[in-house]
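Visitor:
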Amino acid sequence: MKIQINYTLPRKVIAEDVLAARGIELLCEIEGILTINSESHVFFEVSEINLLELAVHLHRWRYEHSASRDFVYISIEHDEPILVFSHLNEEQWVIDSIWRKCEALQVERHELISAVEVFLVRLDADLEKQYKLKSWPDYDYEL
5 MKIQINYTLP
15 RKVIAEDVLA
25 ARGIELLCEI
35 EGILTINSES
45 HVFFEVSEIN
55 LLELAVHLHR
65 WRYEHSASRD
75 FVYISIEHDE
85 PILVFSHLNE
95 EQWVIDSIWR
105 KCEALQVERH
115 ELISAVEVFL
125 VRLDADLEKQ
135 YKLKSWPDYD
145 YEL
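Spelled out as structure tokens, the structure:
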């Protein structure tokens, strides 16, 4: 099953001197809309989610842990897991959420990894274009 992780980043104008002074700390306050779509429907859609916080978690899961263990995203703003990727076996994973709009999704590992990678690359490019932020994955975000 093909999935997509999409987002809408707010078109917020930040003065260059403010961005230079606060950098990534300021961007941690910017919330956007996150949508996860399967081939036929919207699985998950939430506004006002901290996209950078989620991206840091996803980046660590994908690249530091090789997407080999379950992913559980608990935001600093919520106590329950907002998004969970759990593996059924080496190739089959389940995507679940407390805010899901339909049944949990069962996906192949390569589809999940591909969707995460596309999300991270697109967000990285948009953050650099809109806020001139580079190398955010290296930021030591408090988790």
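Each residue of the sequence shown is one higher than the one before, counting from 5 in the working numbering.
Ideal placement from N, C-alpha and C gives every residue a C-beta, glycine not left out.
1. Which residue from ARG113, GLU57, ARG73 and ARG126 puts its Cα closest to that of HIS82?
2. Assign TYR135 to one of two classes, buried (16 or more other C-beta atoms within 10 Å of its C-beta) or exposed (fewer than that).
3. Quick check on LEU87: buried or exposed, where buried means 16 or more other Cβ atoms within 10 Å of its Cβ?
4. Would you give the residue range spanned by the beta strand (DSSP E) that GLU121 belongs to?
5. Considering only the beta carbon of each residue, do ALA2 and ILE34 sit closer than 8 Å?
6. Between the C-alpha atoms of GLU146 and ILE99, what's the straight-line distance to the nearest angstrom?
7. Taking Cβ positions, are ILE117 and ARG66 nearer each other than 8 Å?
8. Which partner residues does PHE48 have in the DSSP bridge list?
9. How about VAL111 and MET5: do their beta carbons lie closer than 8 Å?
10. In this structure, does DSSP put HIS63 in helix, strand or coil?
Guide: Judging by the given coordinates:
1. Within the sequence shown, residue 82 is the residue found at index 78, counting from 1. Measuring from the Cα of HIS82, the nearest candidate turns out to be GLU57.
2. The residue labelled residue 135 in the question sits at position 131 within the sequence shown. Answer is buried; the Cβ neighbour count reaches 16.
3. Counted from its first residue, the sequence shown places residue 87 at position 83. Classification of LEU87: buried, given that the 10 Å Cβ count is 16 or more.
4. In the sequence shown, residue 121 corresponds to position 117, counting from 1. Counted as a single uninterrupted DSSP element, the stretch harbouring GLU121 is not any beta strand (DSSP E) but the alpha helix (DSSP H) occupying residues 113 to 135.
5. In the structure displayed, the chain extends from 5 to 147; residue 2 sits before or after that span and is not available.
6. As a position in the sequence shown, residue 146 is number 142, starting the count at 1. As a position in the sequence shown, residue 99 is number 95, starting the count at 1. At GLU146, the pLDDT of 47 sits below 50, so the modelled position is not reliable; the number obtained from the coordinates is stated separately. If you take the alpha carbons of GLU146 and ILE99, they lie about 24 Å apart.
7. For this step, residue 117 is matched to residue 113 along the sequence shown. For this step, residue 66 is matched to residue 62 along the sequence shown. The Cβ-Cβ distance between ILE117 and ARG66 falls below 8 Å.
8. Translated into positions along the sequence shown, residue 48 becomes position 44. DSSP lists ILE40 and ARG104 as partners of PHE48.
9. For the purposes of this step, residue 111 is taken as residue 107 along the sequence shown, with counting starting at 1. For the purposes of this step, residue 5 is taken as residue 1 along the sequence shown, with counting starting at 1. Yes, Cβ-Cβ distance for VAL111 and MET5 is below 8 Å.
10. The residue given as residue 63 occupies position 59 in the sequence shown. DSSP places HIS63 in helix when its eight states are reduced to three.
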